[in-house]
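Enquirer:
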Amino acid sequence: MILMQKKPVVEIKGVSKKLGSIQAVDKLDMCVYENDIYGFLGPNGSGKSTTIRMMLALLSRDSGSINIFGKPLDKNRDQILGNMGAFIEKPDFYEYLTAYKNLELLCKYSGVPAIPDKINATLESVGLLDRANSKVKTFSKGMKQRLGIGQTLLHDPDLLILDEPTSGLDPSGVKDIRDLIRSLNRDKGKTIILSSHQLQDIEMTANRMCIINKGKLIVEGDVGELLMKHSYFTVFEVDQIDSSVEVLESSGFEIEIIGNDRNQIKVVCKREIVPEINKILVNNNIAVKSIGTKQNLEDYFLTLT
Amino acid sequence: MLRLIQIELYKIFKQKRSYIGFAALIVIILISQLAMIWEGEEMHGFITSNLSDAFFMQGNLVNGYLVTYLVLNFLWVHVPLLIVLVTADLISGEAQSGTFRIVLTRPVSRARFITAKYISAMVYTFVFMVIFSVLSLGAGLWIFGKGDLMVIFGTVNIFSENDVLWRFLLAFGYGFISMCTVAALSLLLSSLSNNSLAPILSTMAIIIVFTFISTLNLGIFGKIKPFLLTTYLDSWQMLFSYDVNLGDVFIDAFILCAHIFIFYGLTIFLFRKKDILT
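Chains as they are written, first to last, in our numbering: chain C, 6 to 310; chain A, 39 to 316.
#1: Using a Cβ-Cβ distance cut-off of 8 Å, determine whether ILE17(C) contacts chain A.
#2: What's the call for GLU132(A), buried or exposed, on a 16-neighbour Cβ count within 10 Å?
#3: When you compare each of LEU24(C), GLN28(C) and CYS36(C) to GLU16(C) by their alpha carbons, which one comes out closest?
#4: Name the chain C residues that come within less than 8 Å of ASP281(A), Cβ to Cβ?
#5: Taking CB distances under 8 Å as the criterion, tell me whether ILE314(A) reaches chain C.
#6: Can you find a C-beta in chain A that's less than 8 Å from the C-beta of LEU108(C)?
#7: Grouping DSSP H, G and I as helix and E and B as strand, with all else coil, what is MET6(C)?
#8: Count the other C-beta atoms from every protein chain shown that fall within 10 angstroms of the C-beta of GLN156(C), then say buried if there are 16 or more, exposed otherwise.
#9: Starting from ILE262(C), trace the alpha helix (DSSP H) in both directions and tell me its first and last residue.
#10: From the beta carbon of ASP83(C), is the nearest beta carbon of chain A less than 8 Å away?
#11: Quick check for students: name the residue ranges of the alpha helix (DSSP H) that lie wholly in the stretch 272–302 of chain C, counting only runs of 4 or more.
#12: Are at least three pairs of beta-carbons, each pair with one atom in the stretch 184–197 of chain C and one in the stretch 102–111 of chain C, less than 8 Å apart?
#13: Does any CB atom of chain A fall closer than 8 Å to the CB of MET6(C)?
#14: Starting from LEU199(C) and walking both ways along the beta strand (DSSP E), at which residues does that stretch end?
#15: Determine the direct distance from the alpha carbon of TYR103(A) to that of ILE64(A), and round the result to whole angstroms.
#16: LYS193(C) lies in the alpha helix (DSSP H); which residues open and close that run?
#17: GLN150(C) lies in the alpha helix (DSSP H); which residues open and close that run?
#18: With a CB to CB cut of under 7 Å and the five nearest residues on each side skipped, what residues in its chain are close to TYR302(A)?
#19: Check the Cβ-Cβ distances between ILE216(C) and every residue of chain A, and say whether any is below 8 Å.
#20: Could you work out which residues of chain A lie near ILE27(C), taking near to mean beta carbons separated by less than 7 Å?
#21: Entirely within the stretch 134–158 of chain A and at least 4 residues each: give me those alpha helix (DSSP H) ranges in chain order.
#22: Going by DSSP in three states, ARG66(C) sits in which element: helix, strand or coil?
#23: Using the Cα positions of ALA61(A) and GLY116(C), report the straight-line distance between them to the nearest angstrom.
#24: Skipping 5 residues on each side, what residues in its chain have a beta carbon closer than 7 Å to that of ASP34(C)?
#25: DSSP three-state call for THR253(A): helix, strand or coil?
#26: Shortest alpha-carbon distance to ARG310(A) belongs to which of VAL189(A), SER70(A) and SER147(A)?
#27: Kindly list the residues whose CB is nearer than 6 Å to the CB of VAL224(C), restricted to its own chain and excluding five residues on each side of it in sequence; keep chain order.
#28: Exposed or buried, ILE57(C), counting other C-beta atoms within 10 Å across all chains shown (16 or more means buried)?
#29: Tell me the rounded alpha-carbon separation between PHE292(A) and LEU267(A).
#30: Between ASP163(C) and THR210(C), is the Cβ-Cβ spacing less than 8 Å?
#31: Under the three-state reduction of DSSP, which class applies to LYS219(C): helix, strand or coil?
#32: Report the rounded CA-to-CA distance for LEU339(A) versus LEU175(A), giving the unit in angstroms.
#33: Could you pull the start and end residues of the alpha helix (DSSP H) that MET217(A) belongs to?
#34: Using a Cβ-Cβ distance cut-off of 8 Å, determine whether SER147(A) contacts chain C.
#35: Taking C-beta to C-beta, are ILE50(A) and TYR212(A) nearer than 8 Å?
#36: Cβ of SER273(A) within 8 Å of Cβ of ASN195(A)?
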């Protein structure tokens, strides 16, 4: 059997950036491999956008290194950017120009021929072909969002960085974009970094992910493995909250009291441990009224941040 | 580079605001010329009333050359503002509208991006000056005809009509360099700002304050006058002195060109380090 080692596309090592008095990114390490859909998670102000801007050479770094396609970003900026497509935060275009003209100009900026068929195909792929000749200022937020994704594909880059690509889209638009991301990865072999607050986007599309908070890496790894390992928590509804806290804490569990009536205990644990916790409570004459086990990325994300 | 310049020019001339300056210029010049049609003789008579006691004046003195000379003097304060309305927005406008994010993530170096902006601003200024010269001189000659030019620049200078056109062509050429210097200053300030209004206002504030200092003949300001760019902006007027020293005019033009290159270099230096946060 031949083991193929995956090639790193983006390697971030010890990157820090201070914006004013705020440490936006703090000694961040990150690695994105070829053909990954890499989920990039973190609450507002966690440093996601700052990190993405540093990857795109829009922001300087205070320390650390960024290598993309195996080359240092600083010395190979133009070459690297020529093979990257980026959509950052919100789609802004030359509003006084049409969608078609915006894409034509961006082709020229990218140094690729502005072939009408290619531009029209791009517009079609994001459902905007019928509005090709409308000025962008007449577009809704969702349409601009789709055009924003379209412009990342114009020069057929190997690496896409999509920051909140489904923000502002209706449910069918969200589904279309998720399908597009998956097909770009599966059919065209694109490596994609997907930053999103819609945690479902990550859960449904990404194979690897990281979570950052206050500029620091909290966790990085395979989405499936991380969910299996960490993302369970169980809510026990009990009749004696104080006793339950005492008993479970003395047994070494990390707990939190939740619920409007403060009658529930949240315990972060694997699914296999739930019967054991139930047994401990029952053995201490605590009535367990209900048990609910949750597993999804959103819960995991909230647990960690 | 040519491709980038084409893109920048396309963007400039696709925006309605770029034509506001042209429209204002056309209106001001036409109003000035209409005023000269109605009041020109009277105004000229008033200005030269003291001279008529000593000199006998004959011929078409309110002619296209005189009107152009007056329009040049009237407009020298307004033209920089009309040009800066567009050039000061070229970089900061992209920051304000967020388009930096899609343009600067393309394989275009920041130095090339700024160079294209500078060249486009110069082209816009050139077009502006061509319209200015054609409207003021061309239309002036067409409406008022040719004649000798009488100007008061230090002393009374009267130039025969055959000795005037080259002075105007050089004056417009010098004016182009002056306006390019103002445009370069506005681009430097534009690169430091994330909104459109601040560089327009700050450029005009600098021009007004420097002009004020340049025109004050006080000893304390005399020492700093050579270091103010406004000292050299109106050196085209030297072309209308009787014994014009072209060497002095070219030295002043060279000093303005040096300003342009310093502003350009500073813009690239600062913009390469600029964090794009908009």
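Every residue gets a Cβ at the ideal spot worked out from N, C-alpha and C, and that includes glycine. Everything numeric in this text was worked out from a predicted model, so none of it was measured.
Expert: Looking at the atomic coordinates:
#1: Not one chain A Cβ lies under 8 Å of ILE17(C).
#2: So GLU132(A) ends up on the buried side.
#3: Ranking the options by Cα distance to GLU16(C), first place goes to CYS36(C).
#4: Listed along chain C, no residue sits closer than 8 Å to ASP281(A) by beta-carbon distance, the nearest being about 51 Å off.
#5: At least one chain C Cβ lies under 8 Å of ILE314(A).
#6: For LEU108(C), the answer is no, since every Cβ of chain A falls outside 8 Å of its Cβ.
#7: Any reading at MET6(C) must be qualified, since the residue scores a pLDDT of 49, below 50, and its modelled position is unreliable; no value is offered.
#8: So GLN156(C) counts as buried.
#9: No alpha helix (DSSP H) contains ILE262(C), which is instead part of the beta strand (DSSP E) from 260–263.
#10: Yes - at least one Cβ of chain A is within 8 Å of the one on ASP83(C).
#11: Counting only runs of 4 or more, we get 279–288.
#12: Output reads no: the stretch 102–111 of chain C does not touch the stretch 184–197 of chain C.
#13: In this prediction, MET6(C) scores a pLDDT of 49, lower than 50, which makes its location untrustworthy; the coordinate-derived value is nonetheless stated afterwards. At least 8 Å separates the CB of MET6(C) from every CB of chain A.
#14: Per DSSP, LEU199(C) belongs to the beta strand (DSSP E) from 196–200.
#15: A straight line joining the alpha-carbon of ILE64(A) with that of TYR103(A) spans about 18 Å.
#16: Secondary structure note for LYS193(C): its alpha helix (DSSP H) is the uninterrupted segment 176–193.
#17: First-last of the alpha helix (DSSP H) with GLN150(C): 146–158.
#18: Exclusion of the five residues before and after TYR302(A) leaves TYR156 and ALA222 as the residues of its chain whose Cβ lies within less than 7 Å of its Cβ.
#19: Taking CB atoms only, ILE216(C) has no neighbour in chain A less than 8 Å away.
#20: For a Cβ distance threshold of 7 Å, nothing in chain A lies close to ILE27(C): the least Cβ distance comes to about 12 Å.
#21: Qualifying alpha helix (DSSP H) stretches, in chain order: 138–141.
#22: If DSSP states are grouped into helix, strand and coil, ARG66(C) belongs with coil.
#23: Going by the C-alpha atoms only, they are around 35 Å apart.
#24: Only ILE17, LYS18, GLY19 and LEU222 meet the Cβ criterion.
#25: Three-state DSSP puts THR253(A) in a helix.
#26: Ranking the options by Cα distance to ARG310(A), first place goes to SER147(A).
#27: Excluding residues within five positions, the ones whose Cβ falls inside 6 Å are ILE216.
#28: Buried: at least 16 other Cβ atoms inside 10 Å.
#29: Straight-line Cα distance between these residues: approximately 12 Å.
#30: In this structure, ASP163(C) sits away from THR210(C), with a CB-CB distance that is not shorter than 8 Å.
#31: When secondary structure is reduced to three states using DSSP, LYS219(C) falls in the coil class, being assigned neither helix nor strand.
#32: The shown model of chain A, from 39 to 316, leaves out residue 339(A), and the question about it has no answer.
#33: First-last of the alpha helix (DSSP H) with MET217(A): 203–229.
#34: Interface residue, yes.
#35: Contact flag unset, no.
#36: No, Cβ-Cβ distance for SER273(A) and ASN195(A) is not below 8 Å.
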